[in-house]
Each structure stands twice: as C-alpha cells, then as structure tokens.
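According to our numbering, the sequence shown holds residues 39 to 289 in order.
See below for the structure under consideration.
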Amino acid sequence: MIDFHSHVLPGIDDGAVDCEMSIEMIKKSTEQGVNKIVFTPHCYPLSSRDIEKFIEKREKSLDDLKKKAEDKNIKLPEFAEGGEVHLSSDISKMRAVEKLCIANTKYMLLEMPSSPWNDSVIDSVYKLSLLGITPIIAHDERNLIQKEEIRNSLYNLDVLIQVNASSFGVPQLKKYIDSMFKQGMLHVIGSDMHNCDSRPTQMDKAKKYIVKRFGNECLDYLMNNARIILSGEEFSYGNLKSFKKKLLFSK
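Here it is in structure tokens:
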C-alpha cells in the first residue's frame, strides 16, 4: 500500500518528535502492509521565504532520519517528499510555490482552512490550477463543517480528494464516504499519522473496511491513483471510477 499523507519526518512539525519515533512509526506502518510513504509535514507559507525555509528544514529532517536508520542498520521503505500546505492566503502569488508539490510533480497536498470558506478561498485554489498545479485536498472529511454549496464549488474545480485512514468505519462518516465513492470523488488515502499512540497509522483498518465494503478493486484503484500521481503522470478524470457498497456488507 501507499500511504499518501504522513507526519513521519522528525522534529519538523507536530508529528514525530525525533528519529527514534520516526523509525517506530515506519515500523508500525510497514507491518500493516505499507511499502511507500509520502512524507507531508505541515507547511504554513506566508511568503516565498517561508517556502525556502520549509524545504531546508525538511531536507535536514530527512537527512537526520536517513543517518539514524543507517546507524541502526534499518532499511527505510520507499518514500516521496512533499508537504501538507496550509491555504492561509493566496499562495499562488508566492515565488517557487511549485516546490511544495509532491516529489517534483505538479500535485500539491493542500490543507483547507478550518474557518468558514468564502469565494476568495475557492478562488485561491483555482489560481493554483492556473499555474499547472493539481491540488489534492487533505483529509476532506474535515471540511464537512463548511456549507455544502461552497464545498461543491471546490469539488467542481480540478482537484483530487484524500481521506484519512482513521475515518473509515466511523459511523458519522459512512454516508459521506459512500457518497464520495459513488460519485468517483475519492481518489487517495493516507494515514495522517503523527505518532504511534494517539494518532497512529491505521492503514490496515482502512484496507479491511474498503475491501469489505467496496471490494478489492476499489483498494487497487486507490493505490493505482497514488502511483499515477507520484510518477508525475497526467491524472485522467475520464478514468475515474465509482464504487457502491456491497449488498452483503451487513453480513
């Protein structure tokens, strides 16, 4: 499996506090069948300089992790670098904003504001697409607090949707997840893991739920979407698939 959203890198945000914790998180993740992790530490850009500082800090954190793994004779899984980029303003105006995309592709994991959205918020997302960037909306299930009309305005843009592994099986989110799969609007999943205790990986939970409720084809579809994105290929909206819950799920 590919974990598309994680806070594994040490000492860079509210995720892993040190390399020891990072390695333990990776161990737990691989035990659950994850063979590739996208490192997406929080990024709060208010200027182009903030982007440069974030990238410098991310590279330092990754170097520390590699060195610790080498010292312990631990082989790290495949990984890709990116960021969970907070949309606090019109970041499209910032120089080198494209450097915040994942693995030198045109895809950016975007964290939407928790405050009420207005037209300018949607416009800021749209302006990223004008730069050739495809926003991937992080943990979209958290955006259900926003008005449905303005959420639909976001969905009508060329965006992709990521949902957290921990959200699968949560009773109050079943209707949302069923609807998103049915409409072909759920594209990738990620653990959003921050530690091994209060916010662990739970990718195995998501896998079991998806396979049981929607079938193996659905899980394969999500993983293939992740591979397409990480390869930098063009994501074809014409190839989107919809999935309905299996009739015998309740049994």
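A virtual CB, placed ideally from N, CA and C, is assigned to each residue, including glycine.
Sequence-distant residues of the same chain with beta carbon closer than 6 Å to residue i, five excluded per side
i	result
Tyr82	His124
Ser204	Gln240
Met218	Leu224
Span separating the alpha-carbon of residue i from that of residue j
i	j	result
Ile89	Lys246	37 Å
Ala244	Pro151	25 Å
Phe92	Lys284	44 Å
Val135	Asn73	29 Å
Thr143	Ser269	8 Å
Ala176	Glu108	31 Å
Ile160	Arg96	28 Å
Val46	Gln221	32 Å
Asp52	Gly170	30 Å
Leu192	Val163	8 Å
Cys234	Val76	17 Å
Cys256	Val249	7 Å
Val226	Arg87	30 Å
Met132	Asn202	28 Å
Leu166	Asn111	41 Å
Helix, strand or coil at residue i according to DSSP, with G and I counted as helix
i	result
Val46	coil
Tyr259	helix
Val208	coil
Ser269	helix
Tyr275	helix
Phe281	coil
Tyr82	coil
Thr172	strand
Ala54	coil
Asn202	strand
Asp41	strand
Val197	coil
Lys66	helix
Cβ neighbour criterion (16 or more within 10 Å) applied to residue i
i	result
Asp41	buried
Val55	exposed
Lys104	exposed
Gly276	exposed
Leu286	Note that Leu286 has pLDDT 46, beneath the 50 cutoff, so the model's placement of it is unreliable and the number below is only indicative. Per the 10 Å Cβ criterion, exposed.
Gly71	exposed
Asn263	buried
C-beta neighbour in chain B for residue i, strict 9 Å
i	result
Ile267	No chain B appears in this structure, which consists of one protein chain only.
Contacting residues, own chain, Cβ-Cβ under 7 Å from residue i (five flanking each side not counted)
i	result
Glu272	none
Cys57	Pro48, Asp102, Leu103 and Lys106
Gly207	Lys243 and Tyr247
Which runs of the beta strand (DSSP E) at least 3 residues long sit entirely within the region 102–177? Give them in chain order. 116–119, 122–124, 145–149 and 172–175
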